[in-house]
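Colleague: One structure follows; several queries about it will come next.
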Amino acid sequence: MSNALVVHLRGLEVLMNHKIFYALPTVPIVRALAEVASTCSWMLEPGLTADDRAARGYASLFRTIEQNQAQLKDTRATREWLVEVVTESGARIQRRVVAGKSTDEIGTVSVRRAHAKTAFKYHHRLEQQIPSISAMYSGMSAMAHGETTATGLAWNSTDVLLRMVAKVSLESTRAWSTAVHTWTGSELLADFINPIDEANIIKSMPPDQVVEFEALRQRNQPVYSPDVESNR
């Protein structure tokens with residue numbers, strides 16, 4: 014996961030360093046960055062036992078099989094082979110039940126008292142692991158899927174999109190770094206973010222929006238974007 018995050022950051026760097034800013038192509042990269050960071054944070058969440066992590070890891074493998082059936086020559090054979098491997102390690106498998114009938118798909122993996130479901134939605138994972146960017150992630154998903162209003166934002170409010178790219182990249186990388194360093198117990202754990210760079214995201218907003226943003230923050234209301242205009 015760490016390698017995937019670094020590669021996404023490199024791809025974003027290439028786009029951002031180009032003399033022309035291509036707004037929409039940055040969106041899938043930053044969106045993927047948030048997904049990788051949230052999954053890494055989920056897998057390495059503090060307080061998890063080895064059984065918790067094993068259950069989550071196995072569940073992720075089964076989800077990968079179900080999500081990539083078109084690329085697999087024999088989905089069922091691959092799934093059942095993995096079931097055999099996982100159960101031999103001591104884990105338990107629960108098949109997915111649809112309309113009261115058991116299916117071949119795996120619904121839950123249990124390792125002793127730890128359980129993990131294979132199905133999830135990324136926006137729910139973002140809400141749990143990196144809540145400060147969950148609303149922006151939903152907006153980027155709308156852009157990536159070609160929703161008219163969302164894509165219009167990319168063309169007509171490029172400054173808003175740039176702030177969104179900056180904020181999502183910053184918080185995603187922060188979450189990933191914190192998760193990895195906390196899990197490894199590294200003495201290097203520290204906030205790597207330059208506070209000046211972080212403040213510059215807000216300072217780049219029009220003055221009237223900065224005033225509104227600060228007023229919301231002082232009232233302890235949830236602020237999902239460094240540009241309040243994008244939340245209207």
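Residue 108 in this note's numbering is what sits at position 95 of the sequence shown, and the numbering runs on without skipping anything.
In this text, a Cβ means the ideal position worked out from N, Cα and C, and glycines have one as well.
What residues are listed by DSSP as bridge partners for H128?
Modeller: Residue pairing by DSSP places H128 opposite S123 in a beta bridge.
Colleague: Are V181 and I146 closer than 8 angstroms when you measure CB to CB?
Modeller: yes
Colleague: By the 10 Å Cβ neighbour count, where 16 or more other Cβ atoms means buried, how is V110 classified, buried or exposed?
Modeller: exposed
Colleague: Write down the C-beta distance between L28 and P41 rounded to the nearest angstrom, noting that I regard them as a contact closer than 8 angstroms.
Modeller: Not a contact, Cβ separation roughly 11 angstroms.
Colleague: Relative to the C-alpha of V20, which candidate in A50, E211, T88, D64 has its C-alpha closest?
Modeller: A50
Colleague: Going straight from the alpha carbon of G70 to that of P220, what length do you get?
Modeller: Each residue's alpha carbon lies about 47 angstroms from the other.
Colleague: The ligand NAP heavy atoms versus the CB of A132: any closer than 7 angstroms?
Modeller: With respect to small molecules bound, the structure shown includes none, and the ligand NAP cannot be examined in it.
Colleague: Could you tell me which residues DSSP puts in a beta bridge with K114?
Modeller: V111
Colleague: Smallest Cα separation from H137: which of R66, A148, A127, A129?
Modeller: For the residues R66, A148, A127, A129, the minimum Cα distance to H137 belongs to A148.
Colleague: Suppose you measure from the CA of A63 to the CA of R92; what does that come to, to the nearest Å?
Modeller: 23 angstroms
Colleague: May I ask which residues mark the beginning and end of the alpha helix (DSSP H) holding I42?
Modeller: 36-56
Colleague: Spell out a yes or no on whether the segment 76-94 and the segment 183-191 are touching, meaning 3 or more CB-CB pairs, one atom from each, closer than 8 angstroms.
Modeller: no
Colleague: Can the beta-carbon of A127 be found less than 8 angstroms from the beta-carbon of D210?
Modeller: no
Colleague: CA-CA distance, M177 and N16?
Modeller: 23 angstroms
Colleague: Where in the segment 168-218 do unbroken runs of the alpha helix (DSSP H), each at least 4 residues long, occur, reported from the N-terminal end onward?
Modeller: 171-197, 208-216
Colleague: What's the C-alpha gap between I33 and Y150?
Modeller: Here the alpha carbon of I33 sits roughly 24 angstroms from the alpha carbon of Y150.
Colleague: Could you name the residues that DSSP lists as bridge partners for R105?
Modeller: S123
Colleague: When you compare only the Cα positions, how much space is there between T121 and A129?
Modeller: T121 and A129: Cα-Cα distance of roughly 6 angstroms.
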